[in-house]
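As structure tokens, the structure follows; a few thoughts come after it.
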Amino acid sequence: MTTETRMLSAPSRRAVSVRAIINNAGIGLALLALILFFSLASEFFLTANNITNILTQITINLILAVGMTFVILIGGIDLSVGSVMAFAAVVAGKAITLPGLGVVELIALACVAGLLTGLISGLLNGVISAYWGLPSFIITLGMLNIARGAALHVSDAQTIYSFPFAFEEFGSALIYGVPVVFLVALLITLLAWFVLNWTVFGRLLYGIGNNEEAVRLAGHHVFWLKVAAFTICGFTAGIAAIIYMARLSISSPIAGIGFELNAIAAVIIGGTSLAGGRGSVIGTLLGAFIIGVLANGLILIGLNDFMRQMITGVVIIVAVILDHYRAKYSAT
Amino acid sequence: MPQNILTVSELKKHFGGVRALDGVSFSLTRGETHALVGENGAGKSTLIKTLSGAFPFDSGDIVLDDAPYRPDSPHEAKARGLQVVHQEFNLLNHLSVAENISIEAMPRTRFGILDRAEMNRRARAALDAIGLGDIDVRATVQSLGIAHRQLVEIARALQSDSSILILDEPTATLTERETKRLFDIVADIKSRGVTVVFVTHHLNEVFAICDRVTIFRNGKTIATEVIAETTPAAVVRHMVGRELATERNTYQNRDISGKCALSTHNLKVASNPHPEGLDIAVHYGEIVGIAGLVGAGRTEFLRGIFAADPIVSGHLARNGTPMVFRSPRDAISAGIAFVTEDRKEEGLILDMPISANVSLANMASVSGHGLMRFGLERQRAEDHRAKLQIKCGSVSDAASSMSGGNQQKVVLAKWLARTPEVLILDEPTRGVDVGAKAEIYGILRKLAQEGAGLLIVSSELPELMTLCDRILVMANHRIVGSVSRDDFTEEHILKLAYGQNGTEEGTIA
Numbered sequence: 001m002t003t004e005t006r007m008l009s010a011p012s013r014r015a016v017s018v019r020a021i022i023n024n025a026g027i028g029l030a031l032l033a034l035i036l037f038f039s040l041a042s043e044f045f046l047t048a049n050n051i052t053n054i055l056t057q058i059t060i061n062l063i064l065a066v067g068m069t070f071v072i073l074i075g076g077i078d079l080s081v082g083s084v085m086a087f088a089a090v091v092a093g094k095a096i097t098l099p100g101l102g103v104v105e106l107i108a109l110a111c112v113a114g115l116l117t118g119l120i121s122g123l124l125n126g127v128i129s130a131y132w133g134l135p136s137f138i139i140t141l142g143m144l145n146i147a148r149g150a151a152l153h154v155s156d157a158q159t160i161y162s163f164p165f166a167f168e169e170f171g172s173a174l175i176y177g178v179p180v181v182f183l184v185a186l187l188i189t190l191l192a193w194f195v196l197n198w199t200v201f202g203r204l205l206y207g208i209g210n211n212e213e214a215v216r217l218a219g220h221h222v223f224w225l226k227v228a229a230f231t232i233c234g235f236t237a238g239i240a241a242i243i244y245m246a247r248l249s250i251s252s253p254i255a256g257i258g259f260e261l262n263a264i265a266a267v268i269i270g271g272t273s274l275a276g277g278r279g280s281v282i283g284t285l286l287g288a289f290i291i292g293v294l295a296n297g298l299i300l301i302g303l304n305d306f307m308r309q310m311i312t313g314v315v316i317i318v319a320v321i322l323d324h325y326r327a328k329y330s331a332t
Numbered sequence: 001m002p003q004n005i006l007t008v009s010e011l012k013k014h015f016g017g018v019r020a021l022d023g024v025s026f027s028l029t030r031g032e033t034h035a036l037v038g039e040n041g042a043g044k045s046t047l048i049k050t051l052s053g054a055f056p057f058d059s060g061d062i063v064l065d066d067a068p069y070r071p072d073s074p075h076e077a078k079a080r081g082l083q084v085v086h087q088e089f090n091l092l093n094h095l096s097v098a099e100n101i102s103i104e105a106m107p108r109t110r111f112g113i114l115d116r117a118e119m120n121r122r123a124r125a126a127l128d129a130i131g132l133g134d135i136d137v138r139a140t141v142q143s144l145g146i147a148h149r150q151l152v153e154i155a156r157a158l159q160s161d162s163s164i165l166i167l168d169e170p171t172a173t174l175t176e177r178e179t180k181r182l183f184d185i186v187a188d189i190k191s192r193g194v195t196v197v198f199v200t201h202h203l204n205e206v207f208a209i210c211d212r213v214t215i216f217r218n219g220k221t222i223a224t225e226v227i228a229e230t231t232p233a234a235v236v237r238h239m240v241g242r243e244l245a246t247e248r249n250t251y252q253n254r255d256i257s258g259k260c261a262l263s264t265h266n267l268k269v270a271s272n273p274h275p276e277g278l279d280i281a282v283h284y285g286e287i288v289g290i291a292g293l294v295g296a297g298r299t300e301f302l303r304g305i306f307a308a309d310p311i312v313s314g315h316l317a318r319n320g321t322p323m324v325f326r327s328p329r330d331a332i333s334a335g336i337a338f339v340t341e342d343r344k345e346e347g348l349i350l351d352m353p354i355s356a357n358v359s360l361a362n363m364a365s366v367s368g369h370g371l372m373r374f375g376l377e378r379q380r381a382e383d384h385r386a387k388l389q390i391k392c393g394s395v396s397d398a399a400s401s402m403s404g405g406n407q408q409k410v411v412l413a414k415w416l417a418r419t420p421e422v423l424i425l426d427e428p429t430r431g432v433d434v435g436a437k438a439e440i441y442g443i444l445r446k447l448a449q450e451g452a453g454l455l456i457v458s459s460e461l462p463e464l465m466t467l468c469d470r471i472l473v474m475a476n477h478r479i480v481g482s483v484s485r486d487d488f489t490e491e492h493i494l495k496l497a498y499g500q501n502g503t504e505e506g507t508i509a
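As given, the protein sequences belong to chains C and F, one line each in that order.
Numbered by the UniProt record's numbering, the letters in the first sequence go through residues 1 to 332 in order.
Numbered by the UniProt record's numbering, the letters in the second sequence go through residues 1 to 509 in order.
What follows is the structure, given as structure tokens:
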């Protein structure tokens with residue numbers, strides 16, 4: 001009896017894990033192929049300088065995409081992250097340029113202000129869409145406009161600059177050629193991976209994405225779980241704002257236009273289903289890399305930015321088509 | 001002179017490592033009514049999907065009308081005269097009944113514009129033909145009850161001239177009266193020379209209307225029998241491959257003098273038109289059934305108790321102490337569990353592993369400080385798998401990979417993990433095969449013996465009569481009778497259910 005069960009279970013378990021590996025490995029292989037292609041096509045691609053460049057360019061998108069993964073996993077979407085990032089950056093920029101405070105106080109104040117702005121925006125997105133059961137697409141589209149308007153209003157449509165030197169230092173610091181800001185993004189990614197895979201909270205988010213009603217009837221606070229996912233997404237927009245400021249040494253109210261779409265693209269290319277319930281933050285990491293490597297490599301081999309944009313679009317569509325087959329395959 | 005319209009031989013179909021069809025052979029005689037029976041997961045649905053062109057088969061032969069048949073699409077299947085009414089509804093809920101019926105060939109005027117009058121006329125004729133004169137063809141499908149939707153779907157299938165009509169569990173959502181109506185319809189179709197394939201879990205239906213029956217087990221066809229020459233017992237034996245445990249009818253007397261576990265007083269849900277609401281009481285160790293017509297408000301009442309939907313007024317007490325549940329969470333904390341009517345929509349997270357489903361209602365037992373303890377979760381799932389005899393490859397397989405009966409056991413396991421004091425069940429064995437059904441009955445009885453109070457809504461009277469100590473009969477959101485075990489007869493309960501309900505809306509379910 002025992003041997004029989006074991007014989008039955010062994011192949012099916014292997015089939016499942018092999019499939020899981022193929023799913024993520026597929027994206028990884030695509031990334032490797034891209035890297036291989038660009039390193040053959042351009043002698044500059046695999047230089048230390050260029051790698052530093054790519055990592056710097058990926059950072060903001062990766063942070064936003066990690067937050068976005070939480071929202072998409074529960075079957076939602078957050079279109080406001082780009083604007084919220086700008087709003088948070090402007091609020092933090094106002095804080096960091098206050099007169100009469102020490103450098104440490106200013107930086108701490110700016111971080112708190114920026115992160116809180118992101119967090120509250122995300123909280124509002126979550127509370128409003130979850131309480132009334134409204135599509136987050138619409139609510140966050142509204143928030144996109146609110147946050148952009150607020151950013152312009154608070155800043156008088158002026159770019160804020162002249163930040164403390166130590167703050168700008170952080171934005172451009174390298175450790176063995178790796179930007180510190182990228183390490184921060186990587187840390188956030190790992191943290192998110194841990195939360196989604198090893199905590200009860202993460203399990204329930206996947207559950208909501210698959211079958212919200214079953215999770216509710218099992219006695220869980222679906223409302224707060226959803227709010228938490230949106231709040232995390234807003235919070236990562238706050239983090240992205242701080243890093244954006246540190247890297248560019250400015251706070252612009254028109255920063256981050258279209259960033260939400262790049263973040264969504266990274267999540268989708270990374271194999272997370274727009275319908276919710278399926279996907280991983282590791283996929284998102286790879287997705288962000290694919291977008292970053294494409295952007296960088298295509299320019300290096302001499303294509304202009306317009307063509308880069310077209311190719312990125314094609315990649316998104318191909319990713320979704322592949323995902324369609326993946327879902328079909330795993331359904332049987 | 002019998003003549004085969006369809007011959008299937010040695011049909012095989014694999015999904016990954018799973019052999020869904022592993023040698024299926026049977027034939028259909030022109031004009032016969034042929035039943036396909038077998039436990040869930042035996043391959044009936046796969047066969048139907050293969051025949052209807054939903055997916056291809058790996059090997060074997062199908063001959064339809066003396067020509068090889070290998071449909072690439074449902075469209076091709078229809079063109080060859082094979083029509084399927086699927087188990088899941090394929091109606092467009094926001095469109096009218098008439099639009100749904102004509103969806104495949106909308107009538108047009110000379111100017112190419114939709115001819116609404118003609119469309120409605122055709123739909124009227126189609127519905128009248130199967131005795132559904134009471135349905136307004138302009139009503140949206142959404143506004144119909146689930147039973148009527150099923151009949152509309154059949155009316156639509158009859159629109160196209162098909163020589164083979166496959167009905168996949170058509171009675172699963174029908175009440176007894178509608179089932180009878182369906183039987184009349186089937187008899188009528190048959191008299192027109194159409195071959196009807198009837199997939200069902202109910203053997204009494206097979207013996208009522210079918211000419212022959214083919215029995216499936218584990219992806220194979222075991223036997224084809226002529227109904228007139230066989231018995232239900234013989235068919236069941238083929239289905240399960242063993243004699244069914246006789247426990248179905250061994251009711252054990254239990255001590256049900258226990259305290260009142262759950263009681264309601266004037267409990268009124270939104271859909272209940274009577275301001276006085278409902279009063280019931282369930283004692284520890286007791287199994288209370290609720291019988292009634294479809295639309296009698298049984299499911300809504302259960303959902304109200306569990307706070308799955310809000311209640312309008314009235315009280316609820318546990319152990320005699322009044323309680324207010326604001327969400328299912330409160331009800332669960334009070335020791336109540338609720339196995340919902342629809343396990344796919346409300347019970348299971350289909351894409352998640354079986355183990356994750358088992359722990360869903362009791363995450364605290366498989367975690368510490370908010371962190372998952374996967375070893376423990378796996379162990380708990382294995383325990384339940386052994387205890388409830390859940391048949392699956394591995395507890396890390398997706399819940400969707402199991403048959404209906406085993407899925408239902410996983411739903412039960414999810415709630416048993418909380419050792420509930422009151423277990424509420426809505427249609428606990430819908431879409432569950434005979435073997436698993438008997439096992440589920442055993443589980444429920446054992447729970448009651450261990451002292452839990454059970455409240456069961458079921459559309460199968462024999463089920464309630466097998467399990468319950470007491471059956472409450474509901475009609476039009478009122479409890480119209482309470483029948484104790486000594487007085488259990490179908491006739492008595494049916495009479496009560498119809499007694500105060502003069503409308504044609506439902507039948508005993």
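Here a beta-carbon is modelled for each residue, glycine too, at the ideal position from N, C-alpha and C.
{"Query": "Suppose only complete runs of 4+ residues qualify. What are the alpha helix (DSSP H) ranges in the segment 230-275 of chain C, listed by chain order?", "Result": "259-269"}
{"Query": "Among Leu350(F), His202(F), Glu178(F) and Val186(F), whose alpha-carbon lies nearest the alpha-carbon of Leu293(F)?", "Result": "Glu178(F)"}
{"Query": "Can a CB atom of chain F be found closer than 8 Å to the CB of Phe235(C)?", "Result": "no"}
{"Query": "Quick one: what's Ala337(F) bridged to in DSSP?", "Result": "Leu423(F)"}
{"Query": "Leaving aside the five residues before and after Phe216(F) along the sequence, list all residues of the same chain whose C-beta is less than 6 Å from its C-beta, in chain order.", "Result": "Gly38, Ala42, Gly43 and Lys44"}
{"Query": "Quick one: give me the first and last residue of the alpha helix (DSSP H) that Ser59(F) is part of.", "Result": "First-last for Ser59(F): Ser59 to Leu64, but that is the beta strand (DSSP E), not the alpha helix (DSSP H)."}
{"Query": "Mind checking Phe338(F): buried by the 16 CB within 10 Å criterion, or exposed?", "Result": "buried"}
{"Query": "Run down chain C in chain order and give the residues with a C-beta less than 7 Å from the C-beta of Ile332(F).", "Result": "Gly219"}
{"Query": "In the structure shown, what three-state DSSP assignment does Asn61(C) receive?", "Result": "helix"}
{"Query": "Helix, strand or coil for Lys391(F)? Go by DSSP, reduced to three states.", "Result": "coil"}
{"Query": "Using a C-beta cutoff of 8 Å, does Pro74(F) count as contacting chain C?", "Result": "no"}
{"Query": "I'd like the ranges of any beta strand (DSSP E) spanning at least 3 consecutive residues and lying wholly in the segment 151-205 of chain F.", "Result": "164-168 and 195-199"}
{"Query": "May I have the straight-line CA-CA distance separating Val410(F) from Ser458(F), to the nearest angstrom?", "Result": "19 Å"}
{"Query": "If you draw a straight line from the C-alpha of Ala295(F) to the C-alpha of Arg418(F), how long is it?", "Result": "Residue identity differs from the one stated: residue 295(F) is Gly in this sequence, not Ala. The alpha-carbon atoms of Gly295(F) and Arg418(F) are separated by roughly 31 Å."}
{"Query": "Can you name the residues of chain C whose CB is closer than 7 Å to the CB of Phe325(F)?", "Result": "Within 7 Å Cβ-Cβ: nothing; Phe325(F) doesn't reach chain C, min ~11 Å."}
{"Query": "For the beta strand (DSSP E) holding Ile471(F), just list the boundary residues, first then last.", "Result": "Arg470 to Ala475"}
{"Query": "Since Ile424(F) and Ile336(F) should fall inside the 8 Å C-beta cutoff, what is the C-beta to C-beta distance between them, to a whole number of angstroms?", "Result": "7 Å"}
{"Query": "Between which two residues does the beta strand (DSSP E) harbouring Asn266(F) extend?", "Result": "Cys260 to Val269"}
{"Query": "Please tell me whether Pro328(F) has its Cβ less than 8 Å away from any Cβ of chain C.", "Result": "yes"}
{"Query": "So, for Ala20(F): in the same chain, excluding its five sequence neighbours on each side, which residues have a beta-carbon less than 8 Å away from its beta-carbon?", "Result": "Lys13, His14, Gly43, Thr46 and Gly219"}
{"Query": "Are any of the Cβ atoms in chain F nearer than 8 Å to that of Tyr325(C)?", "Result": "no"}
{"Query": "Can you tell which of Val71(C), Leu152(C) and His324(C) has its C-alpha closest to the C-alpha of Ala89(C)?", "Result": "Leu152(C)"}
{"Query": "Check the C-beta distance from Gly207(C) over to Met372(F) and give it rounded, since I have them as a contact under 8 Å.", "Result": "With a Cβ gap of about 12 Å, Gly207(C) and Met372(F) do not count as contacting."}
{"Query": "Output needed for Glu243(F): all residues of its chain with C-beta closer than 6 Å, excluding positions within five of it in sequence on either side, in chain order.", "Result": "Model confidence at Glu243(F) stands at a pLDDT of 49, short of 50, so the residue's coordinates are unreliable and nothing is read from them."}
{"Query": "Can you tell me the Cβ-Cβ gap for Gly209(C) and Gly276(C), rounded? I've got them flagged as a contact below 8 Å.", "Result": "3 Å"}
{"Query": "Would you mind sorting Thr33(F) into buried or exposed? The rule is 16 or more other CB atoms within 10 Å of its CB.", "Result": "buried"}
{"Query": "Does the Cβ of Tyr244(C) have 16 or more other Cβ atoms within 10 Å, making it buried, or fewer, making it exposed?", "Result": "buried"}
{"Query": "Could you run through the segment 342-353 of chain F and flag, in chain order, every residue whose CB is less than 8 Å away from some CB of chain C?", "Result": "Glu345, Glu346, Gly347, Leu348, Ile349, Leu350, Asp351 and Met352"}
{"Query": "Give me the Cα-Cα distance between Val227(C) and His274(F), rounded to the nearest whole angstrom.", "Result": "38 Å"}
{"Query": "Rounded to whole angstroms, how far is the Cβ of Asp58(F) from the Cβ of Glu10(F), which I believe are closer than 8 Å?", "Result": "Not quite, the Cβ-Cβ distance comes to about 11 Å (not below 8 Å), so this is no contact."}
{"Query": "Would you say Ala214(C) lies against chain F (beta-carbon separation less than 8 Å)?", "Result": "yes"}
{"Query": "Are the C-beta of Phe338(F) and some C-beta of chain C separated by less than 8 Å?", "Result": "yes"}
{"Query": "Let me make sure I understand the geometry here. Which of Ser121(C), Ala92(C) and Gly100(C) has the alpha-carbon closest to that of Ser155(C)?", "Result": "Ala92(C)"}
{"Query": "According to DSSP, Tyr441(F) sits in a beta bridge with which residue or residues?", "Result": "Beta-bridge pairing links Tyr441(F) to no other residue."}
{"Query": "Mind pulling the chain A residues with CB within less than 7 Å of Ala356(F)?", "Result": "Of the protein chains in this structure, namely C and F, none is chain A."}
{"Query": "With DSSP as the reference, label Thr246(F) as helix, strand or coil.", "Result": "Its pLDDT being 45, under 50, Thr246(F) is placed unreliably in this model, and the value from its coordinates should be taken loosely. Three-state DSSP puts Thr246(F) in a helix."}
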